[in-house]
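Enquirer:
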Amino acid sequence: MAVTDKLLFSLSLFREYLANYLKTKMTYRADFWVEVLSDLMFNAANLIFIFVVFRHTAALGDWSEAEVVFVYGYFMIPYGIFSCFFSLWDFSERYIVKGEMDRVLTRPAGSLIQVMLENVDPPQLVGSLVGFIIMASAWASLGLPVDWYDPLVLIVMVLGSVMVYAGIYAALSAVSFFTDSPTGITPLIWNIQNYGRYPIEIYNRTIRFFLTWVLPFAFVGVYPASFFLERHQNFAMAWLTPVVGAVVMFVGLRIWNLGVRRYRGAGS
Amino acid sequence: MASAYLEFIRIRFLTMLAYRVNYYSGIVVYALNIGVYYFLWKAIYGDASQLGGFSAAQITTYVAVSWMARSFYFNNLDREIANEIRDGSVAVQMVRPYSYLLVKLMQGFGEGLFRLLMFMLPGLVVVMLLFPLSLPAEPWRWLVFFLMIWFSFLINSQINLLTGMCAFFLENNDGVMRFKRVLVDLLSGVVLPISFFPGWARTVLEWLPFQAIAYLPGSVFTGTLNGPEIGYAIGVQAVWSVALILPILLMWRVARRRMFVQGG
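Okay, here's the thing in structure tokens:
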């Protein structure tokens with residue numbers, strides 16, 4: 001199959017899965033709103049942290065409250081998109097331990113794509129929207145200029161950030177292929193999504209290095225957002241976002257495929 | 269009968285021992301978390317010597333010890349219960365001659381005990397070497413702290429039982445569980461001591477059970493709570509751990525009657 005054919009095929013699958021998702025969701029309508037609320041709550045908790053902390057201090061390093069909020073708003077956009085397509089919370093439990101992966105592998109579509117689509121979670125996109133609004137209002141209160149290319153740059157940056165997330169989590173989910181632990185790395189996934197939203201300068205060199213080059217979470221928040229913040233503009237790191245995104249995504253997919261090849265089925 | 273419950277603790281302890289990946293990944297995450305928050309708080313303090321009743325040295329200790337305590341009291345009982353309700357295996361467990369909820373509690377305790385011995389204590393030593401902590405000099409403060417995190421475990425697990433049992437009433441309680449998780453992390457004071465919140469919020473939080481999970485033991489350990497306040501803090505924990513029994517039993521009674529197994 002040519003690459004374009006494959007892509008078209010996956011897209012048509014996406015439409016089917018989405019239709020299915022909507023049908024099942026309509027039966028549990030209350031769930032939908034509980035989910036939206038609980039996801040927003042996660043972001044609200046982090047924003048509350050920022051607001052409460054800034055009642056006690058005027059600046060974080062040399063970043064003002066509005067600038068930190070700006071970065072957080074930006075972070076919410078790729079995070080929402082990522083969570084919509086990658087809600088693999090109980091991947092190892094459902095797919096490895098219970099053997100659902102067998103079913104996935106017998107079908108003629110990419111295994112990662114199938115797993116992603118089976119778990120697609122559109123309510124998460126509400127978070128992206130809220131993030132955009134937060135970023136826009138911080139943008140206004142900081143009095144930043146709006147250039148014609150800003151929307152385009154934003155799209156490129158967000159895509160880069162989403163790829164960083166996707167690559168890291170594809171790789172982390174693939175860890176489940178190599179072990180047989182029941183909860184696997186779910187707690188890990190939950191815990192590390194918080195990094196990279198605060199100014200990177202406040203950390204020491206080890207953590208800075210770690211968040212930039214090992215688990216590059218700095219590229220889902222502070223680096224790409226700095227493009228728009230006049231006072232902290234860091235063009236080099238900002239433009240590295242799509243590059244790092246592509247590299248991380250590539251590595252993540254390789255690890256995933258390696259894991260799939262190792263998968264032998266859990267029986268029963 | 270009691271020995272049967274002890275057996276559940278032992279089995280869970282051994283199960284935990286078998287899954288090494290969780291263990292190693294957990295160590296990395298907690299070390300990173302403490303590191304990240306350490307520098308975040310350092311930046312927040314800047315030149316200030318005292319914020320929200322905590323000195324810069326105290327907040328470092330507070331953050332480190334809170335995360336370490338969290339490794340002990342944290343568990344996924346809510347998720348386990350919800351899964352067992354959803355796949356129907358709870359029905360089988362109800363037939364057995366033991367209290368389902370008590371068994372869950374014991375399993376959670378086995379897990380906590382594992383993390384206390386294999387994780388929290390060695391972790392504390394490592395953190396002590398990496399970051400400048402001001403540990404309490406009085407031995408009794410350590411004892412009180414360990415008593416208090418035992419209550420933390422109890423209260424946190426009770427809240428988990430309640431959220432897990434929501435699956436009896438909702439077809440899908442994932443949202444509720446996620447909601448609870450965020451709520452507990454924010455309002456218990458792991459990431460942000462209650463004393464940093466504005467006055468009105470503090471008043472509200474003091475009437476909720478969450479502060480008893482992390483803020484109270486953490487404050488006693490760092491020495492921001494002293495003298496009679498310590499007795500009061502333990503009292504608050506004790507009252508909550510007793511008070512939460514009532515809604516749990518109530519919910520359990522109602523749930524048993526209206527239980528239906530999906531799929532099965």
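Residue numbers (our numbering), protein chains in the order written: chain A, 1 to 268; chain B, 269 to 532.
C-beta: ideal position from N, C-alpha, C; glycine also.
1) If you reduce the DSSP assignment to three classes, tell me which class G532/B lands in.
2) Ordered along the chain, which non-local residues of its own chain (more than five positions away) have a Cβ less than 6 Å from that of R278/B?
3) Can you confirm whether R280/B, when its beta carbon is compared against all beta carbons of chain A, has any partner nearer than 9 Å?
4) Can you name the residues of chain A whose CB is closer than 7 Å to the CB of D346/B?
5) Return the residue from the list A66/A, I255/A, E16/A and Y149/A that minimises the CA-CA distance to Q114/A.
6) Is F399/B helix, strand or coil when you go by DSSP?
7) Using beta-carbon positions only, say whether E230/A and L152/A come within less than 9 Å of one another.
8) Closer than 9 Å, Cβ to any Cβ of chain A: which residues of the stretch 396 to 428 of chain B, in chain order?
9) Could you have a look at F377/B and say whether DSSP puts it in helix, strand or coil?
10) Hey, does F210/A have any beta-carbon neighbour from chain B nearer than 9 Å?
11) With 16 other CB atoms within 10 Å as the buried threshold, where does D346/B fall?
12) Applying the 10 Å Cβ sphere with the 16-neighbour rule, what's the burial state of L11/A?
13) For a test of the three-state rule: what should DSSP assign to L319/B, helix, strand or coil?
14) Three-state secondary structure (DSSP) at L60/A?
15) Taking the CB atoms as reference points, tell me whether F273/A and A109/A lie closer together than 9 Å.
16) Near S268/A, what residues of its chain come up, given a Cβ to Cβ distance below 6 Å and the 5 sequence neighbours on each side ignored?
17) Return the residue from the list L518/B, R521/B, T490/B and A511/B that minimises the CA-CA distance to A325/B.
18) Over the uninterrupted alpha helix (DSSP H) stretch that includes Y500/B, give me the two end residues.
19) Output the boundary residues of the alpha helix (DSSP H) element that contains N119/A.
20) Pairs of beta-carbons, one from the stretch 211 to 225 of chain A and one from the stretch 36 to 49 of chain A, closer than 8 Å: are there three or more?
21) Whose Cβ in chain B lies nearer than 8 Å to the Cβ of I271/A?
22) Using a Cβ-Cβ cut-off of 9 Å, state whether S268/A counts as contacting chain B.
23) Got a sec: is the Cβ-Cβ distance from I312/B to anything in chain A below 9 Å?
24) For a test of the three-state rule: what should DSSP assign to S268/A, helix, strand or coil?
25) I want to know whether the stretch 207 to 214 of chain A touches the stretch 278 to 298 of chain B - three or more CB-CB distances under 8 Å.
26) Could you say which of D121/A, V69/A, F91/A and M157/A lies nearest to F14/A if we only look at CA atoms?
27) When DSSP labels each residue in this structure, what does A482/B get in the three-state scheme?
28) A435/B lies in the alpha helix (DSSP H); which residues open and close that run?
29) Alpha carbon to alpha carbon, how far is S111/A from G467/B?
30) Our contact map puts V488/B next to I498/B with C-beta atoms below 8 Å; I'd like the distance itself, whole angstroms only.
31) Indicate the three-state DSSP secondary structure (helix, strand or coil) for F227/A in the structure shown.
32) Evaluate I81/A with the Cβ neighbour count: other Cβ atoms within 10 Å of its Cβ, from every protein chain shown; 16 or more gives buried, anything less gives exposed.
33) Determine, using beta-carbon pairs with one atom in the stretch 401 to 411 of chain B and one in the stretch 296 to 303 of chain B, whether at least three such pairs fall under 8 Å.
34) Our contact map puts G282/A next to L159/A with C-beta atoms below 8 Å; I'd like the distance itself, whole angstroms only.
35) Taking just the CA atoms, how far does T431/B sit from A288/A?
36) How about Y72/A and I134/A: are their beta carbons less than 9 Å apart?
Expert: In terms of the structure at hand:
1) Low local confidence applies: a pLDDT of 44 at G532/B is under 50, so the model's placement there is unreliable, and no value is given.
2) none
3) no
4) Those do not exist, as D346/B stays about 13 Å from chain A at its closest Cβ, beyond 7 Å.
5) E16/A
6) coil
7) no
8) none
9) helix
10) yes
11) buried
12) exposed
13) strand
14) strand
15) This structure cannot settle anything about residue 273/A, because the visible part of chain A is limited to 1 through 268.
16) Its pLDDT being 45, under 50, S268/A is placed unreliably in this model, and the coordinates cannot settle the point.
17) T490/B
18) P496 to A511
19) Premise fails: N119/A is in no alpha helix (DSSP H) and is neither H nor E.
20) no
21) Chain A is shown only over 1 to 268; residue 271/A falls outside these bounds and no answer can be derived.
22) The predicted model places S268/A with a pLDDT of 45, which falls under 50 and marks its position as unreliable; any figure quoted below should be read in that light. Not one chain B Cβ lies under 9 Å of S268/A.
23) yes
24) The predicted model places S268/A with a pLDDT of 45, which falls under 50 and marks its position as unreliable, so this point remains unresolved.
25) no
26) D121/A
27) coil
28) From DSSP, A435/B is part of no alpha helix (DSSP H); its letter is neither H nor E.
29) 52 Å
30) 5 Å
31) coil
32) buried
33) no
34) What the structure shows of chain A is the stretch from 1 to 268, and residue 282/A is not part of that stretch, so it cannot be assessed.
35) Because residue 288/A is not part of the residues shown, which for chain A are 1 to 268, the question remains open.
36) yes
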